[in-house]
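Each residue of the sequence shown is one higher than the one before, counting from 10 in my numbering. Glycine included, each C-beta is placed from N, C-alpha and C at the ideal position. These numbers were taken from a predicted model, which means no experiment stands behind them. Structure first, commentary second.
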Amino acid sequence: MDAQEFLKALLMGRIIPLHYNSVQLRQRISDLKLLLETFQQIPSPVSTNPLEIDLTFIREGLKILQSQGNKEEAQKKYEEALTLLMKDVKLDRGDEKKWPHLNSEEKAIRVLTNYFAKSPNRFALERPFRKYHVAYHLTKAEGALLQNKLMETEQALLNAQEELRHVVALSLGIDLRELREEAETISQTSGRTEREVSLELFNRFLDPSLLQFKKALPLLEKILNEKKLSPHFVNPLRKMNWSAKTLKGIANEEELLKAMREHPQNLKVELQATCHISWKSFLQKLLGLPDPLAHCYFRMPDVDRFRNVRIEDAHGALLLLFDEEARLSYAPSVSTPPKENPCLLDVAIIGGGPGGISAAVNLTSLGIFRYAIFERIKPNSTVIDIWSREKEADTFYSGPPGKIEGLVGMQDTTRAVFLSRMNSFIEYFHLNFRNKEPVLHLGPLAPSPRGGAAGETEQIWLLETPQGKYHARFIMMTAGRYGKPRLLKWEEENIPDDLRKRIVRGVEVDNIENASVLVIGGGNTAFDNVKSLSAHGSGQKGNILYLSYPKQPFNVPGSLHVHNNDQLLQWEAEGKIKILWKTNTEKVEAFEENGKKRWKVFFREGEVPASVIVDYIAPAVGWQIDKEMIEKVGVPFDKGNPSCDLETGQAYHLDASGNLIAFEGLFITGDYALQKSVPAAFTSNFHAAKEIAAKLENK
Ligand SMILES: Cc1cc2nc3c(=O)[nH]c(=O)nc-3n(C[C@H](O)[C@H](O)[C@H](O)COP(=O)(O)OP(=O)(O)OC[C@H]3O[C@@H](n4cnc5c(N)ncnc54)[C@H](O)[C@@H]3O)c2cc1C
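Now the structure itself:
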């Protein structure tokens with residue numbers, strides 16, 4: 010592998026996963042140390058430090074760690090460096106609340122990436138901090154390995170690897186977070202995958218004629234030529250055009266693994282009649298599945314996906330299918346399905362938001378492969394369509410997060426980085442997403458004969474979508490709280506289509522420029538809309554903004570964060586927005602002005618002003634849960650929440666005497682169970698997946 014290929018693979022995150030094996034872990038420590046030392050020799054792309062923040066402490070701390078000195082002394086230097094870094098930083102209100110819960114490394118990363126994001130100092134400041142983080146995690150890994158704590162060693166190494174990617178990127182003048190955001194924007198506007206766009210952007214940066222690359226290349230070539238690095242550090246990107254291939258007579262698991270690794274796309278395999286594969290162990294090896302009971306917050310490498318691969322038995326019956334979209338769309342069931350229902354799903358997941366993704370990732374890793382995620386629009390549509398593009402993925406969304414459990418985790422980050430991470434889960438685990446397929450009807454069928462054991466019955470569920478009918482043993486209802494927008498009274502009436510087009514919600518707001526807009530509401534979503542429409546209060550989008558709110562002041566902190574309240578009032582004082590306190594929209598009429606159709610919004614009688622004329626109306630008055638489907642099934646709702654066990658997700662219904670009893674096969678999780686946050690959606694779906702996997706194993 011040449012240096013350019015190595016760098017591309019490293020930056021794309023194709024670092025080969027670790028095993029709990031002390032020889033491999035030791036090798037990884039030595040590889041990471043060597044790479045850190047190599048990239049330390051490359052001068053920073055920005056040599057000046059215009060803000061003159063003294064970096065002596067952080068450099069001294071790093072030196073102590075690298076010479077195996079006193080760790081506590083090194084950490085003291087780090088803290089001093091952090092204090093200097095934060096000297097002139099005024100934390101915003103949201104961060105002030107978060108600060109006591111963060112460790113020093115999290116604080117440094119947050120300050121560097123958020124408060125110095127646009128500073129000319131950024132690279133000169135961030136690189137030494139990230140270098141220290143690598144050395145710190147390596148020291149931790151070495152200590153853990155000495156005590157034979159392999160999981161702890163692995164965790165420290167994963168952190169070191171991630172920080173090293175940043176050091177390498179910063180050394181080459183690349184900002185990984187900015188690149189992700191650019192990739193997400195280009196991918197959404199061009200319809201290409203984000204991965205494809207990221208690769209293109211990396212190619213642009215890894216141009217051998219660029220100065221930083223010229224400096225890095227010989228150093229990296231040296232360690233690669235001298236074979237000092239393990240050949241199992243990164244997986245190079247393969248540029249193969251896989252032509253269709255058929256393989257017959259595969260005799261065992263090893264042969265099948267080899268065949269698929271060598272030809273991951275457009276492959277048809279026929280197994281020998283005597284070939285018996287244990288699919289759980291096979292897929293664990295093929296996909297590199299982690300153990301959800303041992304790992305938390307899994308970080309997966311970028312992988313070559315299996316696509317259009319079909320495995321059949323000796324009689325031509327389908328056993329396994331990775332389809333054209335690289336989904337594991339057909340796989341064996343955990344227990345024999347009844348003869349009359351061979352396509353029975355083990356689990357149907359309704360909703361492909363953070364909760365549905367966590368459910369599927371954890372199920373797959375627990376060995377449940379016969380499932381499908383039914384998603385109304387596209388993965389993460391709540392985040393994509395409702396969160397503003399300016400919005401941060403905030404772990405403190407509804408207070409300090411509880412412990413995140415399971416393989417899918419989250420850190421405070423930008424919306425783009427969060428979405429990209431969610432996509433990498435979908436890709437790595439080959440999740441079986443059925444997009445644009447809303448579940449319209451759900452119902453329990455009369456208990457059916459169980460596949461394996463004679464005389465026994467089991468509960469089967471029927472799901473209906475516009476594309477067809479499906480049967481499943483278990484349902485995970487994780488369709489969130491944003492099934493339907495809450496409508497204003499006048500919106501519920503018969504309004505003309507051209508007005509309907511001018512009513513915008515969620516992400517539609519982001520593209521409006523040079524227009525008059527009335528935002529309705531006074532909660533955090535209304536704030537996000539104002540922020541986006543005014544380009545962070547800079548007015549660069551050229552919009553004239555009104556905000557209608559029925560009371561005065563805003564409901565703080567109930568509906569609006571304190572810092573958002575302060576910001577809105579400040580923007581009003583600066584003339585960037587006009588807040589129409591104590592107003593309630595009553596009706597909207599068309600209004601012709603210079604041949605242009607605009608909209609006159611009337612407020613209730615006696616309110617001031619009586620009306621405003623605008624081009625767009627952005628109601629930010631919330632969304633509502635779509636209760637109908639679950640209520641019809643027989644799950645009672647209490648104060649807007651369905652009856653279910655909030656720990657396991659087990660849904661309840663009423664028996665003949667009016668007592669709540671477990672509803673066999675139905676689990677309700679994520680926001681749908683109890684509106685909370687992304688971390689809560691991850692954890693509740695992990696618990697339900699564990700519960701369901703255990704029940705399926707016993708079937
Ligand atoms: C403006 C805004 C900002 C937010 N910011 C944060 C934040 O910073 N941090 C945080 O932790 N939380 C935040 N939240 C909350 C967060 O979005 C939710 O807690 C989280 O999305 C819940 O995940 P979920 O998978 O349970 O539901 P959702 O993310 O809502 O996903 C549900 C999915 O189900 C699909 N669906 C719905 N009905 C059907 C059906 N009948 N059939 C098939 N599919 C269906 C939807 O299309 C959707 O993709 C924010 C919410 C909003 C509105």
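How many whole angstroms separate the CB atoms of residue i and residue j, which I take to be in contact at a CB cut-off of 8 Å?
i, j, result
"residue 423", "residue 204", "About 18 Å separates the two Cβ atoms, so there is no contact after all."
"residue 425", "residue 193", "4 Å"
"residue 479", "residue 357", "6 Å"
"residue 359", "residue 165", "38 Å between Cβ atoms; not a contact."
"residue 385", "residue 341", "The pair is not a contact, with the Cβ atoms about 28 Å apart (cut-off 8 Å)."
"residue 495", "residue 633", "5 Å"
"residue 485", "residue 676", "5 Å"
"residue 695", "residue 371", "5 Å"
Does the distance between the C-beta of residue i and the nearest non-hydrogen atom of ligand 1 fall short of 8 Å?
i, result
"residue 576", "no"
"residue 106", "no"
"residue 505", "no"
"residue 664", "no"
"residue 67", "no"
"residue 396", "yes"
"residue 640", "no"
"residue 354", "no"
"residue 71", "no"
"residue 681", "yes"
"residue 534", "yes"
"residue 490", "yes"
"residue 339", "no"
"residue 195", "no"
"residue 650", "no"
"residue 400", "yes"
"residue 580", "no"
"residue 608", "no"
What are the start and end residues of the beta strand (DSSP E) that includes residue i?
i, result
"residue 628", "625-628"
"residue 249", "Here residue 249 belongs to no beta strand (DSSP E), and DSSP marks it neither H nor E."
"residue 331", "327-331"
"residue 158", "Residue 158 -> no beta strand (DSSP E), and no H or E assigned at all."
"residue 482", "477-486"
To the nearest angstrom, report how far apart residue i and residue j are at their CA atoms.
i, j, result
"residue 211", "residue 171", "17 Å"
"residue 455", "residue 254", "45 Å"
"residue 175", "residue 139", "7 Å"
"residue 483", "residue 295", "26 Å"
"residue 101", "residue 572", "7 Å"
"residue 660", "residue 307", "28 Å"
"residue 169", "residue 244", "18 Å"
"residue 92", "residue 51", "26 Å"
"residue 48", "residue 65", "19 Å"
"residue 570", "residue 103", "8 Å"
"residue 613", "residue 361", "40 Å"
"residue 126", "residue 116", "14 Å"
"residue 329", "residue 291", "11 Å"
"residue 439", "residue 242", "23 Å"
"residue 367", "residue 410", "16 Å"
"residue 528", "residue 544", "15 Å"
"residue 699", "residue 657", "9 Å"
"residue 404", "residue 532", "18 Å"
Who does residue i pair with in a DSSP beta bridge?
i, result
"residue 512", "626"
"residue 443", "383"
"residue 598", "609"
"residue 529", "557, 628"
"residue 280", "259"
"residue 452", "471"
"residue 206", "Residue 206 is not bridged to any residue."
Starting from residue i, trace the alpha helix (DSSP H) in both directions and tell me its first and last residue.
i, result
"residue 695", "687-706"
"residue 317", "It is not in any alpha helix (DSSP H) - residue 317 instead sits in the beta strand (DSSP E) that spans 316-321."
"residue 5", "Nothing can be reported for residue 5: it is not among the residues displayed for the chain, which extend from 10 to 708."
"residue 682", "679-682"
"residue 119", "113-119"
"residue 269", "262-271"
"residue 537", "533-542"
"residue 104", "102-107"
"residue 73", "65-75"
"residue 437", "424-437"
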